[in-house]
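S.K.:
Residue numbers (our numbering), protein chains in the order written: chain A, 2 to 348; chain B, 934 to 1203; chain C, -2 to 296.
#1: How big is the Cα-Cα spacing for residue 99(A) and residue 1114(B)?
#2: With burial defined as no fewer than 16 other Cβ atoms inside 10 Å of the residue's Cβ, what is the status of residue 222(C): buried or exposed?
#3: Hey, residue 1088(B) and residue 1103(B) are a contact pair by Cβ (cut 8 Å); roughly how many whole angstroms apart?
#4: How would you write the range of the alpha helix (DSSP H) that residue 999(B) sits in, first residue to last?
#5: Since residue 273(C) meets chain A, which of its residues come closer than 8 Å, beta carbon to beta carbon?
#6: Work out the CA separation of residue 194(C) and residue 187(C) for me, nearest whole Å.
#7: Compute every distance between the C-beta of residue 966(B) and the non-hydrogen atoms of the ligand SAH, then say whether any falls below 7 Å.
#8: Run through chain A and tell me which residues come within less than 8 Å of residue 148(C), C-beta to C-beta.
#9: With distances taken from CA atoms, which of 159(C), 124(C) and 197(C) is nearest residue 80(C)?
#10: Find the nearest neighbour of residue 285(C) within the set 10(C), 94(C) and 27(C), judged by alpha-carbon distance.
#11: Indicate whether at least one CB of chain A lies closer than 8 Å to the CB of residue 1020(B).
#12: State buried or exposed for residue 960(B), treating a residue as buried only when at least 16 other CB atoms are found within 10 Å of its CB.
#13: Residue 270(C) lies in the alpha helix (DSSP H); which residues open and close that run?
#14: Using a C-beta cutoff of 8 Å, does residue 137(A) count as contacting chain C?
#15: Name the residue from 55(A), 187(A), 66(A) and 256(A) whose alpha carbon lies nearest to the alpha carbon of residue 1075(B).
#16: Reducing DSSP to helix, strand and coil, say where residue 6(C) ends up.
#17: Between which two residues does the alpha helix (DSSP H) containing residue 979(B) stretch?
#18: Listed from N- to C-terminal order along the chain, which residues in the region 1037 to 1061 of chain B have their beta-carbon within a distance smaller than 7 Å of any beta-carbon of chain A?
#19: Just mark residue 176(A) as buried or exposed, buried being the case when its beta carbon has 16 or more other beta carbons within 10 Å.
#20: Decide if the region 238 to 249 of chain C is in contact with the region 47 to 58 of chain C; the criterion is three or more beta carbon pairs, one per stretch, under 8 Å apart.
#21: Strictly below 9 Å CB to CB, what residues from chain A border residue 1015(B)?
#22: Express the C-alpha separation of residue 107(C) and residue 246(A) in angstroms, rounding to a whole number.
#23: What does residue 264(A) touch in chain B if you count any residue whose Cβ is under 8 Å from its own?
#24: Note down, in chain order, every chain C residue with its Cβ under 7 Å from the Cβ of residue 292(A).
#25: Would you mind stating whether residue 121(A) and residue 66(A) have Cβ atoms separated by less than 8 Å?
#26: Residues of the region 214 to 233 of chain C with a CB closer than 9 Å to any CB of chain A: list them in chain order, please.
#27: Can you check whether the CB of residue 259(C) is closer than 8 Å to the CB of residue 248(C)?
#28: Taking Cβ positions, are residue 1185(B) and residue 1168(B) nearer each other than 8 Å?
#29: With residue 60(C) as the anchor, note down where its alpha helix (DSSP H) starts and where it stops.
#30: How about residue 112(C): is its C-beta nearer than 8 Å to some C-beta of chain A?
#31: Within the same chain, show all residues whose beta-carbon is closer than 7 Å to that of residue 172(C), passing over the 5 residues directly before and after it, in chain order.
#32: Does any residue of chain F bring its CB to less than 8 Å from the CB of residue 187(A)?
#33: Is the distance from the Cβ of residue 1025(B) to the Cβ of residue 1014(B) below 8 Å?
#34: What distance in whole Å lies between the Cβ atoms of residue 37(C) and residue 227(C), which are believed to be in contact at a cut-off of 8 Å?
#35: Please classify residue 269(C): is it buried, with 16 or more other beta-carbons within 10 angstroms of its beta-carbon, or exposed?
#36: Taking Cβ-Cβ distances shorter than 9 Å, what residues in chain A pair up with residue 88(C)?
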């Protein structure tokens, strides 16, 4: 018998792509320029964030539009304790995890019973509240944020150079990646799938949806918190402008682009999201516009993402159903609509 | 692993598995179920029949916690379960299927059964995250148990496909396997034969018999009289939310009120 | 007391903007269960269309404040209404049943509109023509500008008009039917797509009306002006009971007043937190909103 959540049968090009990604990831710190390594480290940050949000959106099917709030809470916690209490980096990690988990519980408990699109708005509101609070409180340093954050150390080794930061990020990514993969093929992962597919049927199988939604939310928050902690020691200065709504949307874009629920998809999505704008730096003006148009086009053409999990099909079928219904509506009248539906069907 | 002995009364042998007492369900002005009472005895197959809209599924939804009854009590193995959450009722030992099949169509056949094992496994968040040896042992048990239940309903060769790819009759069987995987002592089947062809119905009758023989009590809603009369130990008839008859199949077939309720409407053949 | 009254007047003005935008959210949500993320940006586009019209009129030497404002409103409302229909046609219609995808598409549409304004007009604030002074009548010792009177009265008239359309006309009946059961409406011969398009048109015209008036009221506009106000208008719609037209109006005015009082008595820096806190509180305590018991009727 195959393992519970076996990945879909790999196409040859997917295997080749995976091999290329691994080779690049390993070779980069040895052969890359500092600039390239730094871009690579940023990719790693988005992989962490993407993996965390993937648990919420991909596994449990809950839409979170304020995910940057947990990223912020992790970053500010580490920064605050390192700067004001002169703590080392490592002990701030459990504190950051506790803070993000607690905020996940606080915002999740009352809201996870809501319809999922309401949840999207509440999380968006929460994200904005956290950002406004960070801008206005004194202990967060106001709009300037917290700077002069010390580097992380391992014994006498100070993690300051670009390659060493890259390896630290890689270590974070591997831990989160393994955790995510374990979750996907566990009892927890199955409970999430069941809730995502049919809540009533899940309950009939003995699953209490509210608990598992909350768990997805809390785990996602903790992963984002870890990413935030790493982000703080990488930049050594943080401020509220890194934790905007656009940041939340960017993280969402990582997993939507890659394919919700798909771990290789998250990695691919993070690489595209970071590298593409860097490559388009000359066209900075149109970057956000491209981003917006890209989201719409992606949803219309490939809602399941670049490297879909085998569950990507669900959304794809929903799209097909919408189109069928539009075509049916056409029968009632509207010649131009008929024409466009026909052209869509033929494409 | 499954039983929660502390919840059961110590030594008293309960005469009934399930007791429904004066169950009433009102939706706004509509009285869907009115003062229905019955008991289900251990290891019997009890069928609830009645014309469309008689309130059968409403009774099932109240028992399984998907609806909170307006009044009345539901006693399972001597303990009241009225208004308990559905997932907790499953853990107490009552499993159900749905009138319209509710599988997880885009998940694997095996995964559907594995999800049914949820309440019988314990791996928590940390164990799942870390993939601990204990969790691995449990997963192995899950695989064995899944294979066993798929075999029980006759789907052993189909484990790797998607649930949506199964034929209709086999989807019914899979739903039953998922229910049985929760290790229930009472299983409630809501019109399992609807939409089946005669051969599939024959197989279903056999399956229900084997479920009972394995020690599980069966409560059945069914329209198909050939199925009901063939396997039921007792039958309860509902009409317009009111219980109008109760008895063995041959008694029910002769009952004047039942004949009137059905023949007055001509959906006996349904 | 005087501060309270002054803030009340300001709150009612801002509340009228919230209410006008909230109507668009509530109508679209009522019919296709979509949180139209781009709606706030449609409002911003309306303000920019208005600005362009003013510019054009100035070139034509039409500078009567009332005539030019009337023309700016009409032109902007028509163009923005069409934009709303295009938005539905391109970004939403193919995704009506893909719950997650359509929401993400809406976010994409929102960014697209914002940064199209950024590129076409300006990355910084633009100044609106200053046509109406601060003067106006004094009510109960409170100075009210004529512009505020205009905003308040015209919004109420528009909202009453909308209510009449939805409840007294055939099209309105089609909308309400659609809100309750789309399949049944289709079987009754209602052209579902046309009714949804029309809903987007109406919602967008109301938003653009608010956009032009905001420009006149604050005398400056920017490409990001729709983001925050859009979120707040959505809050207002939820507060009143989403899908419910009188609810959106009530929610809009209530939120405007609440925020103004918070800004007047506490601190304007935390003003934005008030709206989001209200949103979370309402969703948790009474998810169907203040007038939500009529949720079955939807509109």
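Note that beta-carbon positions come from the ideal geometry of N, C-alpha and C, so glycine has one too.
M.R.: With the given structure in hand:
#1: Rounded to whole angstroms, residue 99(A) and residue 1114(B) show a C-alpha spacing of 36 Å.
#2: buried
#3: 6 Å
#4: Run containing residue 999(B): none; DSSP gives neither H nor E here.
#5: 126, 127, 129 and 130
#6: C-alpha separation (whole angstroms): 13 Å.
#7: The model on display carries no ligand, and the ligand SAH is accordingly not part of it.
#8: Those within 8 Å of residue 148(C) in chain A number zero; the least Cβ separation is about 26 Å.
#9: The shortest C-alpha separation from residue 80(C) is found at 197(C).
#10: Cα-wise, what sits closest to residue 285(C) is 27(C).
#11: yes
#12: Around the beta carbon of residue 960(B), a 10 Å sphere encloses fewer than 16 other beta carbons of the protein chains shown; the residue is thus reported as exposed.
#13: Looking at the DSSP string, the run of the alpha helix (DSSP H) that includes residue 270(C) is 268 to 282.
#14: Closer than 8 Å to some Cβ of chain C, the Cβ of residue 137(A) qualifies, so yes.
#15: 187(A)
#16: helix
#17: Premise fails: residue 979(B) lies in the beta strand (DSSP E), 978 to 982, not in any alpha helix (DSSP H).
#18: Residues of the region 1037 to 1061 of chain B with a C-beta less than 7 Å from any C-beta of chain A: 1037, 1039, 1040, 1043, 1044, 1047, 1048, 1049, 1051, 1052, 1054, 1056, 1058 and 1061, listed in chain order.
#19: exposed
#20: no
#21: The premise fails here: residue 1015(B) is roughly 17 Å from chain A at the closest Cβ pair, so nothing lies under 9 Å.
#22: Straight-line Cα distance between these residues: approximately 12 Å.
#23: What residue 264(A) touches in chain B: nothing, since even the nearest Cβ is about 14 Å away.
#24: 108
#25: yes
#26: 224, 225, 228, 231 and 232
#27: no
#28: yes
#29: Segment: none, residue 60(C) is in no alpha helix (DSSP H) and carries neither H nor E.
#30: yes
#31: 28, 163, 192, 196 and 296
#32: Although the question refers to chain F, the structure presented lacks it and instead comprises the protein chains A, B and C.
#33: yes
#34: Between residue 227(C) and residue 37(C) a beta carbon distance of about 2 Å is seen, short of the 8 Å cut, so the two are scored as contacting.
#35: buried
#36: 297, 300 and 301
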